[in-house]
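Trainee: Mind looking over this structure? Questions follow.
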Amino acid sequence: WCDTLKKMVDVGLIDEAKKDYLNGITYRKMMAKLIGENDDSNIEQKVAQKLNLEPNSEILKRFEWLGLFSDGKVSEHDNVLDILSDLLQEKLVYKDNEKDMIILQHKFTVENADKSKDLITSTLIDYGIALQESSMARTVSLPLAIGVRFMAEEKFNLKGVHIPITKQIYEPVLKELETLGIKMVEKKYSLD
22 WCDTLKKMVD VGLIDEAKKD YLNGITYRKM MAKLIGENDD SNIEQKVAQK
72 LNLEPNSEIL KRFEWLGLFS DGKVSEHDNV LDILSDLLQE KLVYKDNEKD
122 MIILQHKFTV ENADKSKDLI TSTLIDYGIA LQESSMARTV SLPLAIGVRF
172 MAEEKFNLKG VHIPITKQIY EPVLKELETL GIKMVEKKYS LD
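When you line the sequence shown up against the working numbering, it's residues 22 to 213, in that order.
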């Protein structure tokens with residue numbers, strides 16, 4: 022999907038600029054307009070040519086699956102990005118038994134005082150809760166919510182604007198996140 026999203030950018034699908042021609046048109050016609058065509062016949066081939074893609078490429082298959090070449094009417098917005106957003110929300114929905122997952126890993130190569138070297142990894146693996154909350158929502162919103170609560174409870178003795186690189190901020194937030202199942206696991210490996 023990374024390559025597909027790049028081609029969406031290239032063709033203009035994330036454009037927020039107001040477009041007068043979007044009212045009541047089909048996805049096919051919108052795609053034609055985006056590549057500078059008035060005629061939407063053979064639009065799949067025209068888009069492939071414009072994006073330097075093979076006609077049977079996986080990217081074009083994804084465009085087709087999303088409905089970007091369909092005769093369906095676009096949603097009622099005056100910009101392409103909002104139309105694409107509606108389409109993605111409709112098509113990219115978790116099934117009842119599906120959930121997301123986040124894997125984040127940092128790797129550090131360190132040289133110790135005795136000149137030996139170690140690899141230290143710090144890994145976070147978090148799963149969403151099916152039909153309740155996504156891992157993305159949990160890992161983005163919970164640290165912020167905890168920090169805001171601590172501020173309201175005056176647990177931070179700080180003034181002004183701070184980013185969470187201060188031990189007084191990150192330590193209690195990380196500790197509480199662990200109680201919610203969100204934690205980094207560190208491992209150390211000798212490189213000698």
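Where a beta carbon is used, it is the ideal one built from N, C-alpha and C, also for glycine.
Measuring alpha carbon to alpha carbon, tell me which residue in A166, K180 and I46 is nearest D99.
Mentor: Looking at the Cα atoms, I46 is the closest of the given residues.
Trainee: Which runs of the alpha helix (DSSP H) fall wholly inside the stretch 96 to 144 and span at least 4 residues, in chain order?
Mentor: DSSP runs (the alpha helix (DSSP H)) wholly in the stretch 96 to 144: 101 to 112.
Trainee: Of all the alpha helix (DSSP H) runs that stay within the bounds of the stretch 156 to 199, which reach a length of 4 or more residues?
Mentor: The stretch 156 to 199 contains these whole alpha helix (DSSP H) runs: 156 to 173.
Trainee: Can you tell which of K138, D121 and S143 has the C-alpha that lies nearest to the C-alpha of K128?
Mentor: The shortest C-alpha separation from K128 is found at S143.
Trainee: Please classify R159 as buried or exposed, where buried requires at least 16 neighbouring CB atoms within 10 angstroms.
Mentor: That one is buried.
Trainee: For S211, count neighbouring C-beta atoms within 10 Å of its own C-beta (all shown protein chains included) and say buried if the count is 16 or more, exposed if not.
Mentor: Classification of S211: exposed, given that the 10 Å Cβ count is below 16.
Trainee: Mapping the DSSP letters down to three states, classify D147 as helix, strand or coil.
Mentor: D147 falls in the strand class under three-state DSSP.
Trainee: Straight-line CA distance for E192 to I123?
Mentor: The alpha-carbon atoms of E192 and I123 are separated by roughly 21 Å.
Trainee: Return yes when the Cβ of K136 is within less than 8 Å of the Cβ of T130, no when it is not.
Mentor: It is not a contact, given that the beta carbons lie outside the stated cut-off.
Trainee: Just the C-alpha distance for S78 and A151, rounded to the nearest angstrom, thanks.
Mentor: C-alpha separation (whole angstroms): 32 Å.
Trainee: Just curious, the beta strand (DSSP E) that K208 is in, first and last residue?
Mentor: That run of the beta strand (DSSP E) goes M205 to S211.
Trainee: With a 10 Å radius around its C-beta and 16 neighbouring C-beta atoms as the bar for buried, classify L198 as buried or exposed.
Mentor: Buried, by the Cβ-count rule.
Trainee: Rounding to the nearest angstrom, what Cα-Cα distance links K28 and I80 in this structure?
Mentor: When rounded, the distance between both Cα atoms is 8 Å.
Trainee: My output table needs one value for K94: the three-state DSSP class, helix, strand or coil.
Mentor: Strand.
Trainee: Start and end of the alpha helix (DSSP H) containing L55?
Mentor: Element bounds for L55: Y48 to L55.
Trainee: Give a yes or no on contact between the stretch 101 to 119 and the stretch 28 to 39, applying the rule of three or more CB pairs nearer than 8 Å.
Mentor: Yes, the stretch 101 to 119 is in contact with the stretch 28 to 39.
Trainee: Do you know offhand how far T187's Cα is from L125's?
Mentor: C-alpha separation (whole angstroms): 21 Å.
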